[in-house]
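There are 2 protein chains.
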Amino acid sequence: MHQAHIVGVGMTDFGVHETPLTELFASAAFDALDDAGVGGAAIESFYLGNAMSGQSEGDTHLAPTIASHLGLAGVPCQRYEDACATSSNAFKHAVRAVEAGQHDVVLVGGVERCTTTTGLETPEMTSVFASASHRQYEQPTGISFPGVFGLLTTRHMHEHGTTEEQLAAVAVKNHGHGTLNDRAQFGTETSVEEVLDSPIVATPFRLFDCCPFSDGAAAVVVANEDVAADMEADSVAVTGIGHATDVVPLAEKEDLTATQSARDAATQAYEAADIGPEDVDVAEVHDCFTGAEILAIEALGFVEDGEGGKAAVEGTTALGGRIPVNPSGGLKAKGHPIGATGIAQLVELTEHLRGEAGERQVDGATHALAHNLGGDAATTVVSILEGDA
Amino acid sequence: MHQAHIVGVGMTDFGVHETPLTELFASAAFDALDDAGVGGAAIESFYLGNAMSGQSEGDTHLAPTIASHLGLAGVPCQRYEDACATSSNAFKHAVRAVEAGQHDVVLVGGVERCTTTTGLETPEMTSVFASASHRQYEQPTGISFPGVFGLLTTRHMHEHGTTEEQLAAVAVKNHGHGTLNDRAQFGTETSVEEVLDSPIVATPFRLFDCCPFSDGAAAVVVANEDVAADMEADSVAVTGIGHATDVVPLAEKEDLTATQSARDAATQAYEAADIGPEDVDVAEVHDCFTGAEILAIEALGFVEDGEGGKAAVEGTTALGGRIPVNPSGGLKAKGHPIGATGIAQLVELTEHLRGEAGERQVDGATHALAHNLGGDAATTVVSILEGDA
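If you're matching them up, the sequences are chains L and R in order.
Sequential numbering from 1 applies to the first sequence in UniProt numbering.
Sequential numbering from 1 applies to the second sequence in UniProt numbering.
Take a look at the structure:
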C-alpha cells in the first residue's frame with residue numbers, strides 16, 4: 001500500500017464572496033497547486049465536496065464544470081455530499097485511491113456559498129441546511145440544526161452538569177484563536193458576558209454559540225510517497241482515516257451525547273495511525289455550535305466524558321493548553337462554508353505540521369487530527385496527519 | 001488486485017412511486033441482498049447515487065439515512081452526484097474499493113423520484129434537471145436538456161445526414177424492447193408515424209424522442225472473487241470501468257457530435273477488460289433522447305461515425321441484431337429516475353449474463369457494456385461485465 005501525503009494546500013478567506021463557485025474554488029485550487037509546485041497536467045482525478053449548491057444556487061454536475069474551469073477537463077471527477085462532512089468524505093476517497101495506487105496525484109477540495117450571495121436569505125438557507133435532518137421524522141417538526149445540536153447539548157448538560165458559561169467559554173476561546181487567523185470570518189474577541197447576552201437561537205444556544213453562514217473554498221493536493229519526495233513544499237503524511245455513521249433519526253440514538261459515529265471513526269483512525277488521543281498535538285474539530293466541540297473532544301478521547309465543558313474554561317483546549325483545539329478559530333470563528341469545511345481543517349493542520357501557522361503555531365506539532373461531522377451527528381470522518389516537526 | 005464481481009441485483013419497477021426515497025431504495029436493496037444470499041451484516045460500506053433529492057424533495061445526507069433505514073447504520077456511507085451519471089460513479093468507487101482490498105462486500109445503488117410524487121410539476125422538475133448545465137453560460141439562456149441534446153443531434157444531422165425518421169427508429173426499437181420488460185415505465189409499442197406526429201419539445205426532438213420523468217431505485221452487491229465464489233447466485237465479473245469528463249460548457253467542445261468523454265471512457269474500459277467493441281454481446285446505453293443513443297453507439301465503436309441513425313433503422317441494435325442495444329427499453333421506455341439509472345443498466349446486463357433476462361435474453365451473452373452519461377455529455381462512465389454464458 002502506498003502512503004498518501006498532502007503535498008499542497010490552499011484556501012480562500014472565509015466570509016462573503018460574490019464570485020461564482022467555479023472561480024471561488026479556482027482561487028483555492030490554484031494556491032494548492034502552486035504550493036505543491038505542480039501544474040494541472042499532474043492531476044489525475046478530482047474529488048469535490050459540495051453539499052448543497054443544487055438547492056442554494058441551482059448548480060449541479062459541479063465537479064466536471066469546475067474541472068473544466070481549472071483546465072483539468074478529461075480527468076475523472078466526482079462530487080460528494082454528506083452534509084457538513086462532505087469534503088472530508090471526498091478526501092477519504094482521494095486518499096484511498098492514492099493508497100491503492102489507482103492514482104499518483106489528485107486534487108481534493110470543497111466549495112460552498114451559504115450567505116446572501118446565493119440569493120437566499122437566512123431563513124431560506126436555514127431550511128436548505130435542515131434538509132440534512134430526517135425528511136419524514138424530523139423536518140415536519142420544524143427542527144433545524146441549532147435545534148438538533150441543542151437537544152444533544154441539553155442532554156449533556158443534564159447528564160454532566162455542563163453549563164451555559166462553559167458553552168460560552170468555547171466561543172470565547174475560538175473567537176480568540178480567530179483573531180490570529182487572517183482567513184477567519186470573525187477576527188474579533190468575544191466574552192462570556194457577550195455570549196450570554198446574545199439572543200437565544202435554540203435552547204441552550206445563543207447567537208454567539210452558533211457558527212456563521214459563510215462562503216469559501218479549500219483545496220489540497222494528495223500524492224503518493226514517491227511524488228511527495230519530489231515536491232517543493234513540505235508534505236505531511238495521512239496516517240489514518242476513520243469514517244463511520246450512526247443511526248438516523250436522533251430519536252433512535254442509544255446515547256444522545258456519545259456522538260457514536262465520532263467514537264467509531266476515531267477508533268479506526270487512531271488504530272490506522274498507531275497512536276492514541278494522548279499523542280495528538282493539535283486538532284480541528286467540528287464546532288458548528290459550542291456544544292458540538294464539547295461532545296467532540298470527549299468522543300475523541302482528549303478529555304473524559306463529561307469533562308468537555310471544563311476543558312474550555314480551564315484552557316486545556318486553548319492555544320498553549322494541553323491539547324489545542326481549533327487554533328484556526330474553528331467553524332465558530334473561522335466560518336463554515338459547508339462543503340469546504342473538512343478540507344479547510346486539513347489546510348490548517350498541514351500548516352501547523354509544517355511550522356507555517358504563524359501566530360497560531362502549535363510549536364513542535366507532529367501529530368494532528370481533524371474531526372468533521374455531518375447531519376444528525378450521524379456521519380463523522382476523522383483524519384490523522386503526521387509531519388516531521 | 002482483487003477481481004470485483006456483481007453478486008446480487010435488485011430494482012424496483014420504474015414509473016410512479018408514492019413511497020419515500022428510503023423505502024423505495026430499500027425495496028431494491030433488499031432484493032439485491034436476497035439475490036446475493038447475504039444479510040446486511042455482510043455489507044462493509046454503502047455507495048449511494050442520488051442526483052437531486054435536495055432540490056426535488058428537500059432531502060440530503062441521504063446515504064446515512066438510507067443505511068440506517070436498511071439496518072446498516074455504522075458503515076461508512078457516501079453519496080455521489082454527477083448528474084445522470086450519478087450511480088455509475090458510485091459503482092466505480094465501490095468497485096475500486098473492492099479491487100484494492102479496502103472492502104470485501106459493499107452495497108451500491110441509486111434512487112430518485114422525478115415525477116409529481118415529489119410535489120414538483122414538470123416545468124419545475126425541468127428546471128431542477130437544468131441545474132446540471134452550466135450555471136453562468138447556459139442556464140441564463142433558458143436551455144434545458146432536450147435543448148442540450150437537441151443541439152448535439154442537430155449537428156449530427158448536419159454532418160452525417162441523420163434524419164428524423166432515424167431518430168424515431170430508436171424510439172420504436174426501445175419501446176419494442178420495453179414491451180418485454182415488466183419493470184419498464186412504458187410497456188407499449190410506438191411507430192415512426194406516432195413519433196413524428198408527436199409535438200416538438202426541442203428541435204429536432206419530439207415528445208416521443210424524449211425519455212420520461214420516472215421514480216425508481218436499483219441496487220447491486222459488489223464483492224471480491226473469494227466472496228463471489230461462495231455466493232448462491234451467479235456472479236458476473238466487472239472487468240473494466242472507464243470514467244472521463246469533457247469540457248463544459250457545450251460551446252467549448254471541439255467536436256459536438258463526438259461525446260468525447262464517452263470515447264475516452266470506452267477506451268479505458270476496453271483496455272482494462274482487454275476486449276474491443278466487436279466483443280460486446282449486449283449493451284445498455286444512455287438514451288435520454290433518441291439522438292443520444294445514436295451518438296453513444298458511435299462513440300462506443302459499435303458502428304462507424306455517422307452510421308448510428310442507420311443502425312436503428314436496419315435493426316443492427318435491436319434484439320436479434322448484431323449488437324442489441326438497450327434490451328431493457330433503455331431510458332426511453334424503461335424510464336430514467338436519474339440517480340438510479342446507472343445501476344439499473346447493470347442490473348439488466350447482469351441478468352443477460354446470467355441467462356435470466358426472459359423474453360429479452362440475448363442468447364449466449366458473455367460480454368456486456370453499460371454507458372452512462374451526465375450533464376452536457378461531459379461525464380461518462382463505461383462499465384464492462386463478463387459472465388460465463
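All residues carry an ideal CB built from backbone N, CA and C; glycine is no exception.
Who are the neighbours of residue i on chain L, taking C-beta pairs under 8 angstroms?
i        : result
R/Gln185 : Here the premise fails: no neighbours, minimum Cβ distance about 23 angstroms.
R/His93  : Gln78 and His93
R/Asn89  : Gln78
Return the chain-ordered list of same chain residues with a C-beta closer than 6 angstroms to the C-beta of residue i, the five sequence neighbours on each side being excluded.
i        : result
R/Glu351 : Ala357
R/Ile309 : According to the sequence as given, residue 309 of chain R is Gly; it is not Ile. Excluding sequence neighbours, R/Gly309 sits near Thr162, Gln166 and Ile294.
R/Phe302 : Pro277 and Ile323
L/Gly240 : Ala269, Ala272, Ala273 and Ile384
L/Ala318 : Lys173
Could you name the residues of chain L that residue i contacts, counting a contact when the two beta carbons are closer than 7 angstroms?
i        : result
R/Ser68  : Val247 and Val248
R/Glu121 : Within chain L, no residue comes near R/Glu121; the closest Cβ sits about 17 angstroms away, beyond 7 angstroms.
R/Thr65  : His134 and Val248
Should residue i go down as buried or exposed, given a rule of 16 or more other Cβ atoms within 10 Å for buried?
i                      : result
L/Ser68                : buried
L/His336               : buried
R/Thr122               : exposed
R/Ser144               : buried
R/Met157               : buried
R/Glu164               : buried
L/Thr188               : exposed
residue 391 of chain L : This structure leaves residue 391 of chain L out entirely; chain L is present only between 1 and 389.
L/Ala269               : buried
L/Ser383               : buried
L/Ser191               : exposed
L/Ile200               : exposed
R/Glu138               : buried
Could you name the residues of chain R that residue i contacts, counting a contact when the two beta carbons are closer than 8 angstroms?
i                      : result
L/Cys77                : Asp82, Thr245 and Thr379
L/Met52                : Gly54 and Thr60
residue 402 of chain L : Limits of chain L in this structure are 1 at one end and 389 at the other, which puts residue 402 of chain L out of reach.
L/Asp264               : Gly74
Spatial neighbours of residue i within its chain, please: CB distance less than 8 angstroms, with the 5 preceding and 5 following residues excluded, ordered by chain position.
i        : result
R/Gln55  : Val128 and Ser131
L/Val313 : Glu165, Gln166 and Ala169
L/Phe213 : Cys114, Thr115, Thr122, Met125 and His336
L/Glu304 : Glu298
Given residue i, which residues of its chain have a CB within under 7 angstroms of its CB, disregarding the five upstream and five downstream residues?
i       : result
L/Leu70 : Ala26, Ala29 and Gly40
If the criterion is Cβ atoms closer than 7 angstroms, does the pair residue i and residue j meet it?
i        : j        : result
R/Ser88  : R/Val381 : yes
L/Ala169 : L/Thr12  : no
L/Asp215 : L/Thr115 : yes
R/Val98  : R/His2   : yes
L/Ser235 : L/His61  : no
R/Thr245 : L/Ala73  : yes
L/Ala219 : L/Ala32  : yes
R/Ala51  : R/Glu18  : no
R/His93  : R/Glu44  : no
R/Gly233 : R/Gly8   : According to the sequence displayed, residue 233 of chain R carries Ala and not Gly. Result yes, Cβ atoms of R/Ala233 and R/Gly8 sit closer than 7 angstroms.
L/Phe208 : L/Ser198 : yes
R/Gly178 : R/Ala333 : yes
R/Cys84  : R/Pro64  : no
L/Gly291 : L/Phe149 : yes
L/Asn174 : L/His286 : no
L/Thr86  : L/Gly339 : yes
L/Val38  : L/Val222 : no
I want to verify the contact list: residues of chain R whose CB lies under 9 angstroms from the CB of residue i, in sequence order.
i        : result
L/Asp255 : Those do not exist, as L/Asp255 stays about 13 angstroms from chain R at its closest Cβ, beyond 9 angstroms.
L/Gln102 : Arg96, Glu99 and Ala100
L/Asp13  : Result: empty, since nearest Cβ-Cβ is about 22 angstroms, beyond 9 angstroms.
L/Gln139 : Gly58 and Asp59
Along chain L, in chain order, which residues have C-beta atoms closer than 9 angstroms to that of residue i?
i        : result
R/Asn372 : Result: empty, since nearest Cβ-Cβ is about 13 angstroms, beyond 9 angstroms.
R/Thr239 : The contacting residues do not exist; R/Thr239 stays about 16 angstroms from chain L at best.
R/Gly375 : Thr60, His61, Pro64 and Thr65
Which bits of chain R does residue i rub up against, with CB to CB less than 7 angstroms?
i        : result
L/Ser131 : Gly54, Gly58, Asp59 and Thr60
L/Ala73  : Thr245, Asp246 and Val247
Exercise. Which ranges does the alpha helix (DSSP H) cover as unbroken runs of at least 4 residues, wholly within the stretch 163-227 of chain R, from first to last along the chain?
Worked result: You should have 164-178 and 192-197.
Exercise. Along the chain, which unbroken stretches of the alpha helix (DSSP H) at least 4 residues long are found entirely within the stretch 27-92 of chain L?
Worked result: Scanning the stretch 27-92 of chain L for uninterrupted alpha helix (DSSP H) segments of 4 residues or longer gives 53-57 and 62-70, listed from N- to C-terminal end.
For this session: Taking only runs that begin and end inside the UniProt domain "Thiolase C-terminal" (243-386) of chain R, name each unbroken alpha helix (DSSP H) of 4 or more residues, in chain order.
Result: Complete alpha helix (DSSP H) runs here, min 4: 260-273, 290-299, 308-314, 330-334 and 338-354.
For this session: Identify every run of the alpha helix (DSSP H) within the stretch 106-132 of chain R, keeping only runs that are complete inside it and at least 4 residues long; order them along the chain.
Result: For secondary structure counted as the alpha helix (DSSP H) over 4 or more consecutive residues, the stretch 106-132 of chain R holds these complete runs in sequence order: 122-130.
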